[in-house]
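Below is one structure, written out as structure tokens; comments come after it.
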Amino acid sequence: MQIKSPEFKENARIALQDVGLQKALGNLKAGFPVKRAAAVERMPEFEDLRDQARDLKNHILENLDIYLEQFESKVVENGGHVHWARTSEDACKTILDICQQVGAKTVTKGKSMVSEEVNLNEYLEKNGIEPVETDLGEYILQLREDHPSHIIAPAIHLNLEDVSEAFHKHHHRPKSDDPAVLMQEAREMLRKKFVAADVGITGANFCVAETGSTIIVTNEGNGDLTQTLPKTHIVITSIEKVVPTLEDMTLFQRLLARSATGQEFTVYNTLSTGPRREGDQDGPENFHVVLVDNGRSEMVGTELQDMLRCIRCSACMNHCPVYGAVGGHSYGWVYPGPMGSVLTPQMIGIENAGLLPNASTFCGKCESVCPVRIPLPKLMRHWRENEFEKHLSPKAVRYGISGWGFFAKRPALYRWVSRSSAWFMKKMAGKKGRINKLPLAGGWTDWRDMPAPEGQTFMDQWKQGKR
Amino acid sequence: MPNAEHQPLVGLFVTCLADMFRPTVAFATVRLLEQAGCIVEVPEKQTCCGQPAFNSGDRKTTQDIAKMTIEAFDGYEYVVGPSGSCIGMLHYYADLFDEGDPWKARAEDLKARAFEITSFLVDKLDFDKISAQYDGTITYHDSCSGLRQLGVKQQPRKLLSKVDNLELEEMEEAETCCGFGGTFCVKYPDISNRMVSNKSEFISASGADTLVGGDLGCLLNMAGKLKREGKSVEARHVVEILAGMLDQPAIGEADADKYALAKQV
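These protein sequence lines are chains A and B, in that order.
Mapping of the first sequence onto the numbering used here: residues 17 to 483, in sequence order.
Mapping of the second sequence onto the numbering used here: residues 204 to 468, in sequence order.
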């Protein structure tokens, strides 16, 4: 996926004027956060579960190597294969090799953000293999040559008209605005693909070390068909998804659906434990797990380690007022919203993604809803510090802050600046009580008035004995 | 109050915006503290809490300002200010220093003494003898740092409920950020504008005639938007109402004489 994070401001400007997008974002705001709040309300122990999940994730991350090796040996014991992919390129190559070994022409895919991260579809297409997305949202995006704008609701930026248009164009059927008809159309189209696919690729929400199982949680059932029908099932996932036991997994499942969609539980929770055994009625003959690192192991032991607790529920972006204003595509890469603003700089470099961790008011809403209590504002600040130390932040910011800091460290001088500014702005405002246009503060006065100061500073009046 | 005899010595953290834009807010804070039986002093050596540097990633400057502020407020039993955001920043100082650094212990000590004004009155002093009157319907914006970092939510409402004639009409999404965010509003002006526009709609929809909040940054942002949109809703800091200091025109309103004239007309 082409990186457009350096154009975040321009992306955002366009997004704010996009009527269709704004309508779609309005639906998001009225949906997920309301449902989550209701689900949390119904579960008195929710806050305790968040603490437990945070602690358990911390324990896992401190013992990541042990659990990953345990997971690997269990998968092998079950007759499957584990592949370690340090980079996106490694992951794509590994998957292509497996596909070529079984002579695959088409592969079906369940929804996987890691496959977006490594840009798998493009890689397979370039090498003559047709990937077919089977999650409804992803399927729509694939028809439109579009990318996800949200990690669990990939096509959230689209409206019904857009889907209707795309289906009409690609399915060659009469245009319909009825969601039920569109759904049926997608089913019919996909059913053929499910049966024809040589390989099924899915992601994994969790990898269970004690059993060597992977699990996907979905609401459509497409994942089940993707992983049971073809002869080969490839799971592409990332190293921080490992959990010690099945019981541990259920702790995260209880938090995941509630935080994401406000469901008590997702509709399908499908475990894969190795290939089909003798006597099994279905399942793939070959089972592969590709574990992607892509910079994650570098985060272990640093301040960014907390980010690896993320279970990809999307609560942070669903509640983020910035995401809600500009949508996911503005962020310019795979992961949007607060979690993306922390992860993206790690994966594509702070020099490309510096605008993302800055695009936050630090309102703290994301942290307050995170099921594993990731201190997202603190981690965004970590990137701002990193950017500042590397002299990557814009000159205006650097000079502005050091100039301001010079005064802020000298109370007498600071008094003088405050006094002069108060006087000057009061003068500018005249009797109106506000200023419509202020030099050097166009960002403010283009959109709102600047209320005028009272005139004299508090410090001066206090010194003069006013009470 | 814990002890009727004991008069707590409070160092007022004025905050830059109260100092420069709205001294009434600092005077009202002093009045409330004195009504609650405190002795209030204003340390000379204070400037800004350092948030602009902290949020821009300039840790060194932040540390320098933190040390200066810690020293300025040495010896005060409490440090109180009319802002959840600035007091919240004082609480972050401890994170700026490494374990074992003597400044860390001093920062922790400051954190334990530093309070936002409404939280200090309610949580620390259990004070609610508000003698003020406000003839109007207000709506309350919960500023982010106060709300989520310091847990300020019910305290201002509890105190406002003691104000004669005042009615509170809650707006939708009172807890959603107004889009100010310090330097955010000038770094990302059009996103900030969208956020404050949304806020302005919720404020109008509440039917209140006055917007009240506990942080001047947010209030300047929202008042500036309301005025630009030509709305008649006025904006005031919560302490102005609680202390009954309403002589100044509301935030961004016309000058006193004209204001009085307009009110008459």
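C-beta atoms are modelled at their ideal positions from N, C-alpha and C, and glycine is treated no differently.
Residues bridged to residue i [DSSP beta-bridge criterion]
| i | result |
| --- | --- |
| residue 101 of chain A | A/308 |
| residue 466 of chain A | A/451 |
| residue 371 of chain B | B/341 |
| residue 125 of chain A | A/149, A/217 |
| residue 439 of chain B | B/415 |
| residue 215 of chain B | B/283 |
| residue 336 of chain B | B/367 |
| residue 303 of chain A | A/249 |
| residue 254 of chain A | A/308 |
| residue 285 of chain A | A/233 |
| residue 259 of chain A | A/224 |
Spatial distance of residue i from residue j (CA atoms)
| i | j | result |
| --- | --- | --- |
| residue 447 of chain A | residue 471 of chain A | 12 Å |
| residue 436 of chain A | residue 68 of chain A | 53 Å |
| residue 468 of chain B | residue 347 of chain A | Note that residue 468 of chain B has pLDDT 49, beneath the 50 cutoff, so the model's placement of it is unreliable and the number below is only indicative. For residue 468 of chain B and residue 347 of chain A, the distance between alpha carbons rounds to 51 Å. |
| residue 128 of chain A | residue 218 of chain A | 6 Å |
| residue 427 of chain B | residue 416 of chain A | 23 Å |
| residue 393 of chain A | residue 201 of chain A | 43 Å |
| residue 204 of chain B | residue 381 of chain B | Residue placement at residue 204 of chain B is flagged as unreliable, the pLDDT there being 49, under the threshold of 50; the coordinate-derived value follows with that caveat. If you take the alpha carbons of residue 204 of chain B and residue 381 of chain B, they lie about 34 Å apart. |
| residue 193 of chain A | residue 223 of chain B | 57 Å |
| residue 258 of chain B | residue 400 of chain A | 7 Å |
| residue 231 of chain B | residue 442 of chain B | 6 Å |
| residue 95 of chain A | residue 400 of chain B | 58 Å |
| residue 177 of chain A | residue 161 of chain A | 16 Å |
| residue 112 of chain A | residue 308 of chain A | 15 Å |
| residue 295 of chain A | residue 247 of chain A | 16 Å |
| residue 60 of chain A | residue 72 of chain A | 20 Å |
| residue 33 of chain A | residue 87 of chain A | 48 Å |
| residue 341 of chain B | residue 207 of chain A | 58 Å |
| residue 355 of chain B | residue 376 of chain B | 16 Å |
| residue 241 of chain A | residue 30 of chain A | 39 Å |
| residue 370 of chain B | residue 337 of chain A | 29 Å |
| residue 452 of chain B | residue 75 of chain A | 56 Å |
| residue 484 of chain A | residue 226 of chain B | Because chain A in this structure spans residues 17 to 483, residue 484 of chain A falls outside the shown range and cannot be described. |
| residue 501 of chain A | residue 225 of chain A | Past the edges of chain A, shown from 17 to 483, lies residue 501 of chain A, and the structure says nothing about it. |
| residue 326 of chain B | residue 243 of chain B | 18 Å |
| residue 432 of chain B | residue 407 of chain B | 11 Å |
| residue 197 of chain A | residue 233 of chain A | 25 Å |
| residue 478 of chain A | residue 319 of chain B | 21 Å |
Integer Cβ distance of residue i from residue j, believed to fall under 8 Å
| i | j | result |
| --- | --- | --- |
| residue 132 of chain A | residue 315 of chain A | At roughly 19 Å, the Cβ-Cβ gap does not stay under 8 Å, so residue 132 of chain A and residue 315 of chain A are not in contact. |
| residue 341 of chain A | residue 397 of chain B | 4 Å |
| residue 441 of chain A | residue 217 of chain B | In fact, because the Cβ distance is near 18 Å, the residues do not count as touching under 8 Å. |
| residue 344 of chain A | residue 173 of chain A | 7 Å |
| residue 299 of chain A | residue 244 of chain A | 6 Å |
| residue 351 of chain B | residue 380 of chain A | 4 Å |
| residue 115 of chain A | residue 145 of chain A | 5 Å |
| residue 403 of chain A | residue 356 of chain A | Rounded, the Cβ-Cβ distance is 16 Å, inconsistent with contact. |
| residue 215 of chain B | residue 229 of chain B | 7 Å |
| residue 344 of chain B | residue 421 of chain B | 6 Å |
| residue 374 of chain B | residue 409 of chain B | 4 Å |
| residue 304 of chain A | residue 97 of chain A | 5 Å |
| residue 313 of chain B | residue 333 of chain B | Actually they do not touch by this definition, with Cβ atoms about 28 Å apart. |
Where the segment 371-383 of chain A meets chain B: residues whose CB sits under 8 Å from a CB there
For the segment 371-383 of chain A, the set of positions with a beta-carbon nearer than 8 Å to some beta-carbon of chain B reads 374, 375, 376, 377, 378, 379, 380, 381, 383 in chain order.
Contacting positions in the segment 414-425 of chain B - beta carbon closer than 9 Å to chain A
Under the 9 Å Cβ criterion, the segment 414-425 of chain B contributes 422, 423, 424, 425.
What runs of the beta strand (DSSP E), each 3 residues or longer, lie entirely inside the segment 161-249 of chain A?
For the segment 161-249 of chain A, whole beta strand (DSSP E) runs of length 3 or above, ordered along the chain, are 215-218, 222-224, 229-234.
Residues in the segment 424-455 of chain B having any Cβ partner in chain A nearer than 9 Å:
So the close ones are 424, 425, 426, 427, 428, 429, 430, 431, 432, 438, 451, 452, 453, 454, 455.
Every unbroken alpha helix (DSSP H) within the segment 236-323 of chain B, with a cutoff of 4 residues, ordered by chain
Listed in chain order, they are 254-258, 262-275, 287-299, 305-316.
Closer than 7 Å, Cβ to any Cβ of chain B: which residues of the segment 428-451 of chain A, in chain order?
Against chain B - using a Cβ distance shorter than 7 Å - the residues of the segment 428-451 of chain A are 430, 434, 437, 438, 447, 448, 449, 450.
Runs of alpha helix (DSSP H) wholly within the segment 390-423 of chain B (minimum 4 residues, chain order)
The segment 390-423 of chain B contains these whole alpha helix (DSSP H) runs: 392-409.
Listed from N- to C-terminal order along the chain, which residues in the segment 278-299 of chain B have their beta-carbon within a distance smaller than 9 Å of any beta-carbon of chain A?
Within the segment 278-299 of chain B, the residues whose Cβ lies closer than 9 Å to any Cβ of chain A are, in chain order, 298.
Residues of the segment 351-364 of chain B in Cβ contact with chain A at a cutoff of 8 Å, in chain order, please.
Those would be 351, 352, in chain order.
Identify each residue in the segment 197-215 of chain A for which the Cβ-Cβ distance to at least one residue of chain B is less than 7 Å, and report them in chain order.
Hits within the stretch: zero.
Can you list, in chain order, the residues of the segment 463-479 of chain A whose Cβ is nearer than 8 Å to any Cβ on chain B?
Along the segment 463-479 of chain A, going in chain order, the ones with a CB nearer than 8 Å to a CB of chain B are 463, 464, 465, 466, 467, 468, 469, 470, 472, 473, 474, 475, 477, 478.
Residues in the segment 327-343 of chain B with C-beta within 9 Å of chain A's C-beta atoms, listed in sequence order?
Of all residues in the segment 327-343 of chain B, none comes within less than 9 Å of chain A when Cβ atoms are compared.
Contact list for the segment 22-35 of chain A against chain B, Cβ threshold 8 Å
Contact annotation: in the segment 22-35 of chain A, residues whose CB is within less than 8 Å of a CB in chain B are 25, 28, 29, 32.
For the segment 75-119 of chain A, which segments carrying the beta strand (DSSP E) assignment without a break, of at least 3 residues, lie completely within its bounds, in sequence order?
Within the segment 75-119 of chain A, the runs of beta strand (DSSP E) at least 3 residues long that lie entirely inside it are, in chain order, 97-101.
Below 7 Å between beta carbons is the criterion; list the residues of the segment 387-405 of chain B that meet it against any residue of chain A, in chain order.
Sequence-ordered contacts of the segment 387-405 of chain B with chain A read 387, 388, 389, 390, 391, 392, 393, 394, 396, 397, 398, 399 [C-beta pairs closer than 7 Å].
Could you name each continuous beta strand (DSSP E) segment of 3 residues or more that falls completely within the segment 333-387 of chain A, going from the start of the chain to the end?
Counting only runs of 3 or more, we get nothing.
Short of 7 Å Cβ to Cβ, which residues in the segment 307-321 of chain B face chain A?
Hits within the stretch: zero.
Members of the segment 382-409 of chain A that neighbour chain B once the beta carbon cut-off is set at 9 Å:
For the segment 382-409 of chain A, the residues whose beta carbon sits under 9 Å from a beta carbon of chain B are, in order, 383, 384, 394, 397, 398, 399, 400, 401, 402, 403, 404, 405, 409.
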